[in-house]
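Here the protein sequences come in this chain order: A and B.
The letter at position 150 of the first sequence is residue 150 when you use full-length UniProt numbering, and the numbering goes up by one with no holes.
The letter at position 147 of the second sequence is residue 147 when you use full-length UniProt numbering, and the numbering goes up by one with no holes.
Glycine is no exception: its CB is placed at the ideal position from the N, C-alpha and C atoms.
One structure is given below, encoded as structure tokens.
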Amino acid sequence: MLIRTHDLGVTAGETELFSGLELAVGGGECLVVSGANGAGKSTLLRCLYGSQAPTSGSVSVCGGQPDERSARFRRRVSVVFDDSALFDELTPRQHLDLLSHSFGTEVDLGPVPAPDVPAAELSAGQRRRLLLHAAVARPHDVLLLDEPERALDADGREWLEELITTSVTRGAAVVVASHHTPLTDTVADYVVAL
Amino acid sequence: MKRADVVLSLVVAVGVFGSPFYNTALVRAQLIGDAPVSAAGSVIVLCTGLALAWRATLHRSHLWTHPATLTWADFHGNRPRTLTRRLLRGWATRFAVAAYFFLVSGMLIGFPADVGGVLVLYVAVAGLALAMARRVRIPGESLLPLALAVALLVPLWTFAVVTAVSAVALAWSEPSARTVSRGELVHAFTERMVRRTSAAFLDVWALLPAGRPVPWRNALAGRFVVTRYVVTGTLARRHALGLPVFLALSVLAAHATFPAVTSGWLLGLGGYLTLLPFTAPVAQLHRVPGLRRWLDASDLRLHATTTGLLCILALMWAGVIVLLGLPASVGAAVAVLVAALAAVRSVTRGPLDFGSMGMVLYEGVLIPAGLLRQLVRGPDLLLLGLVAANFVPV
Numbered sequence: 001m002l003i004r005t006h007d008l009g010v011t012a013g014e015t016e017l018f019s020g021l022e023l024a025v026g027g028g029e030c031l032v033v034s035g036a037n038g039a040g041k042s043t044l045l046r047c048l049y050g051s052q053a054p055t056s057g058s059v060s061v062c063g064g065q066p067d068e069r070s071a072r073f074r075r076r077v078s079v080v081f082d083d084s085a086l087f088d089e090l091t092p093r094q095h096l097d098l099l100s101h102s103f104g105t106e107v108d109l110g111p112v113p114a115p116d117v118p119a120a121e122l123s124a125g126q127r128r129r130l131l132l133h134a135a136v137a138r139p140h141d142v143l144l145l146d147e148p149e150r151a152l153d154a155d156g157r158e159w160l161e162e163l164i165t166t167s168v169t170r171g172a173a174v175v176v177a178s179h180h181t182p183l184t185d186t187v188a189d190y191v192v193a194l
Numbered sequence: 001m002k003r004a005d006v007v008l009s010l011v012v013a014v015g016v017f018g019s020p021f022y023n024t025a026l027v028r029a030q031l032i033g034d035a036p037v038s039a040a041g042s043v044i045v046l047c048t049g050l051a052l053a054w055r056a057t058l059h060r061s062h063l064w065t066h067p068a069t070l071t072w073a074d075f076h077g078n079r080p081r082t083l084t085r086r087l088l089r090g091w092a093t094r095f096a097v098a099a100y101f102f103l104v105s106g107m108l109i110g111f112p113a114d115v116g117g118v119l120v121l122y123v124a125v126a127g128l129a130l131a132m133a134r135r136v137r138i139p140g141e142s143l144l145p146l147a148l149a150v151a152l153l154v155p156l157w158t159f160a161v162v163t164a165v166s167a168v169a170l171a172w173s174e175p176s177a178r179t180v181s182r183g184e185l186v187h188a189f190t191e192r193m194v195r196r197t198s199a200a201f202l203d204v205w206a207l208l209p210a211g212r213p214v215p216w217r218n219a220l221a222g223r224f225v226v227t228r229y230v231v232t233g234t235l236a237r238r239h240a241l242g243l244p245v246f247l248a249l250s251v252l253a254a255h256a257t258f259p260a261v262t263s264g265w266l267l268g269l270g271g272y273l274t275l276l277p278f279t280a281p282v283a284q285l286h287r288v289p290g291l292r293r294w295l296d297a298s299d300l301r302l303h304a305t306t307t308g309l310l311c312i313l314a315l316m317w318a319g320v321i322v323l324l325g326l327p328a329s330v331g332a333a334v335a336v337l338v339a340a341l342a343a344v345r346s347v348t349r350g351p352l353d354f355g356s357m358g359m360v361l362y363e364g365v366l367i368p369a370g371l372l373r374q375l376v377r378g379p380d381l382l383l384l385g386l387v388a389a390n391f392v393p394v
């Protein structure tokens, strides 16, 4: 199993977001986490990435404790979170060049729009497409996506389904936090409702 | 701030900034020693101060308005008056600081014989700065203050007359306080808020300049991607190149005025400030985790590459200053390299941990030692390095 949690729980102030969570996601599987706003979907993903410490229980990702500060961990785990960002002065082509030569893999421009326009001038949807394309194109064993459908149009959401399916087919363990029911129906092997 | 704190701050400020006037002999001994000095040094100080004040005024930091004011309290036509008052306040403060440093240098090394020419130059430059800042931008205007570098080569009166005529010519143009759009005012307000928030939370590295697009499409395509990233990020801050030029002139001015201060100290401190804007590529990777994920390289490699590039830039900068007359020494070269290391160390600290204030009671005063320790990461290396560089044999 690439992702495993045992008795995982997070409490924010007086509020218990979730507790006693037992998860196991293997390569080539997709888990969708659903739930109302504030239920703790993003918090769970941050725990899986090591950017938030759980209140109780333990997490294992790629055989070890998650730690986003570790270059080795970052190499194996690809994410699109709220804090995912672009270099405003670089174009999508330059972003993908950076990614491709940094991770030592071929990354094509794919469906990324406006490849030679600086990121600062891209629309929210275009920025989202670039982030998602980059997250899946780079080598990864685990893919964590927090509400990836946000800012995407109808075509973009169909493309997103293909993107997630591609990652799963390549053998990655994928965890998606999403409100979007059609996406859940299409890509989920398991669903956890928080 | 309580009234007592304000009074205490004022007393301390008057004590510190007034000491050159009532402790002249002591300050002169510390800064000048027995070195021969010429009164031209105070003119150099004045020109440097005027250039910095002129350039700062051209930033037009007075052009901002709170969006709520624009929506609810902008019906009486007071906006241009408010903006102009703000411009005048900032302009007067900057030129008063320039005048203070001229007076201090004059007290210490003597005033020039042509005091009248100096006064006319001061008034003319201040007038031109005000005339330019109140109207819309002229392309390349931020480089104009560099013209003060030639003020020493031509008769002061000639320079002052040309400046005064330019100021009068611009005085009748349409003031930007009347024509500036609401969008620009709100944008400037947002930028100001970001700066103030960063300063309030001591997140000073958020104030490093943002990058601008680089025209080379394949800048990041190829081997040595970390080097490419650092070089591209540095070139994306090319608009900050004015700062090294100003600092180089300031170092020369400081050397002419205070010859007892060694080249090592001048080049070390100047080099540190010069390099800071160009540490932005590595600083942003430390500040924004989402950007760090684009680059698969260890921190060590990233820091080493940045330090290497900054060392090259710093040596080039120092080389130009040495060619212009600053004495060269091995210690000065070491100081420049220390400045590069200190700049990288400064911007690669983690986020400030306000939970580790480390309050220490010293002589009845509570000092946040833990917070200070975090803040001086970088400057600590600079200080120690410069002290050590002074002991390097020639």
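| Asked | Found |
| --- | --- |
| From A:Leu96 to A:Leu109, what does the alpha carbon distance come to, in whole angstroms? | 7 angstroms |
| Output yes or no for whether 7 angstroms exceeds the beta carbon distance between B:Ala240 and B:Pro209. | yes |
| Please decide whether A:Arg75 counts as near chain B, where near means a Cβ-Cβ distance under 7 angstroms. | yes |
| Any Cβ of chain B within less than 7 angstroms of the Cβ of A:Ala71? | yes |
| Can you name, in chain order, every residue of its own chain whose Cβ lies under 7 angstroms from the Cβ of A:Gly26, other than the five neighbours on each side? | Met1, Leu2 and Ala173 |
| When you compare each of A:Gly57, A:Val168 and A:Ser123 to A:Val112 by their alpha carbons, which one comes out closest? | A:Ser123 |
| My parser needs the alpha helix (DSSP H) runs of 4 or more residues fully inside the region 46-121 of chain B; what are they? | 67-72 and 79-109 |
| Would you call the region 31-51 of chain A and the region 3-18 of chain A touching, i.e. three or more CB-CB distances under 8 angstroms? | yes |
| Leaving out five residues before and five after A:Ala24 in sequence, what residues of the same chain have Cβ atoms less than 6 angstroms from its Cβ? | Met1 and Arg4 |
| Name the chain A residues whose beta carbon is nearer than 9 angstroms to that of B:Gly222? | Asp97 and His101 |
| Give me the chain B residues within the contact set of A:Ser42, using Cβ-Cβ distance strictly less than 7 angstroms, ordered along the chain. | Chain B residues near A:Ser42: none, gap ~14 angstroms exceeds 7 angstroms. |
| At a Cβ threshold of 7 angstroms, is A:Pro118 touching chain B? | yes |
| Is the number of C-beta pairs between the region 104-112 of chain B and the region 38-45 of chain B that are closer than 8 angstroms three or more? | yes |
| Closer than 9 angstroms, Cβ to Cβ, to anything on chain A: give me those residues from the region 252-275 of chain B, in chain order. | none |
| Please classify A:His101 as buried or exposed, where buried requires at least 16 other C-beta atoms within 10 Å of its C-beta. | buried |
| Applying a beta-carbon distance threshold of less than 8 angstroms, which residues of chain A neighbour B:Val288? | Asp83 and Ala85 |
| Using only CA atoms, which one of B:Arg79, B:Ala200, B:Leu341 and B:Val387 lies nearest to B:Pro67? | B:Arg79 |
| Note down, in chain order, each residue of its chain lying with its Cβ closer than 6 angstroms to the Cβ of B:Leu326, except the 5 sequence neighbours on either side. | His255 and Ser263 |
| Since B:Met359 sits in a beta bridge, which residues does DSSP pair it with? | B:Pro368 |
| Taking the alpha carbon of A:Val33 as the point to measure from, which residue in A:Val176, A:Thr186 and A:Val80 has its own alpha carbon closest? | A:Val176 |
| When the distance is taken between beta carbons, is B:Leu148 closer than 7 angstroms to B:Leu58? | no |
| With a threshold of 7 angstroms between beta carbons, is A:Glu22 in contact with chain B? | no |
| So, do the region 116-130 of chain A and the region 77-89 of chain A have three or more beta carbon pairs nearer to each other than 8 angstroms? | yes |
| Assuming A:Ser60 is part of the beta strand (DSSP E), what are its boundary residues? | Ser56 to Val61 |
| In chain order, what are the residue ranges of uninterrupted alpha helix (DSSP H) at least 4 long that sit wholly in the region 177-261 of chain B? | 182-200, 225-235 and 242-257 |
| Check the C-beta distance from A:Asp146 over to A:Ser42 and give it rounded, since I have them as a contact under 8 angstroms. | 5 angstroms |
| Is there a Cβ from chain B that is less than 7 angstroms from the Cβ of A:Glu89? | yes |
| Leaving out five residues on either side along the sequence, give the residues of the same chain with a beta carbon under 6 angstroms from the beta carbon of A:Leu130. | Pro92 and Val112 |
| Flag B:Pro244 as yes if its beta-carbon sits less than 7 angstroms from any beta-carbon of chain A, otherwise no. | no |
| Can you tell me which residues form a DSSP beta bridge with A:Tyr190? | A:Leu31 |
| Is it true that the CB of B:Ala297 sits closer than 7 angstroms to the CB of B:Val230? | no |
| With A:Val175 as the anchor, note down where its beta strand (DSSP E) starts and where it stops. | Ala173 to Ala177 |
| Here's the rule I'm using: 16 or more other beta-carbon atoms within 10 Å means buried, otherwise exposed. How should B:Ile312 be labelled? | exposed |
| At the 7 angstroms Cβ level, is A:Gln126 part of the contact set with chain B, yes or no? | no |
| Could you list which residues in chain A have their beta carbon closer than 8 angstroms to that of B:Trp294, in chain order? | Phe87, His95, Leu98, Leu99, Ser102 and Ala134 |
| Interface residues of chain B around A:Glu68 at Cβ under 8 angstroms? | Pro289 |
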